[in-house]
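Here is the structure we will look at, set down as structure tokens.
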Amino acid sequence: MANPTPVHSITTHEVADFATWKKAFDAAAPIRARHGLQVHGVYSAPDNANLVTIHGEAPSLEAIQGHFADPEFHAAMKGAGVKSAPDTKMLHKHA
Numbered sequence: 152m153a154n155p156t157p158v159h160s161i162t163t164h165e166v167a168d169f170a171t172w173k174k175a176f177d178a179a180a181p182i183r184a185r186h187g188l189q190v191h192g193v194y195s196a197p198d199n200a201n202l203v204t205i206h207g208e209a210p211s212l213e214a215i216q217g218h219f220a221d222p223e224f225h226a227a228m229k230g231a232g233v234k235s236a237p238d239t240k241m242l243h244k245h246a
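Per this note's numbering, residue 152 is the first one in the sequence shown, and the count goes up by one each step.
Dropping the structure here:
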């Protein structure tokens, strides 16, 4: 049974070049939309502009898992110059 509770994700990974990555990230909006994923913010570390964190929200855990499992998403990440494995936290908002 699907869990209809929205799930927030916080994902951090290193990229080769922020500007190149951001163009590819923006171009991948249809992939995120297909899974119902909304982006609340894109951040970079103050001491490393290529260390990127994305805050997103999906309508359910199943939706966000589907997004992260999508082969088109993986191809987009590779093409964007993602250098490290993503560190992702999935969270429910309580306040």
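Quick reminder that beta carbons are idealized off the backbone N, C-alpha and C, glycines included.
Please state whether DSSP places L188 in a helix, a strand or coil. Of the three classes helix, strand and coil, the one that applies to L188 here is coil, per DSSP.
Does the Cβ of H186 have 16 or more other Cβ atoms within 10 Å, making it buried, or fewer, making it exposed? In summary, H186 is buried, with 16 or more beta-carbon neighbours lying within 10 Å of its beta-carbon over all protein chains present.
For K234, would you say it is in contact with chain C, using Cβ-to-Cβ distances shorter than 8 Å as the test? This model lacks chain C altogether, as it is built from one protein chain only.
For H159 and A175, the rounded distance between their alpha carbons: Rounded to whole angstroms, the gap between the alpha carbons of A175 and H159 is 22 Å.
Is there contact here, the segment 213-222 with the segment 192-201, by at least three beta-carbon pairs under 8 Å? Cβ pair count under 8 Å is below three, so no.
Which of helix, strand or coil DSSP assigns to T156: T156 carries a coil assignment under DSSP once its states are collapsed to helix, strand and coil.
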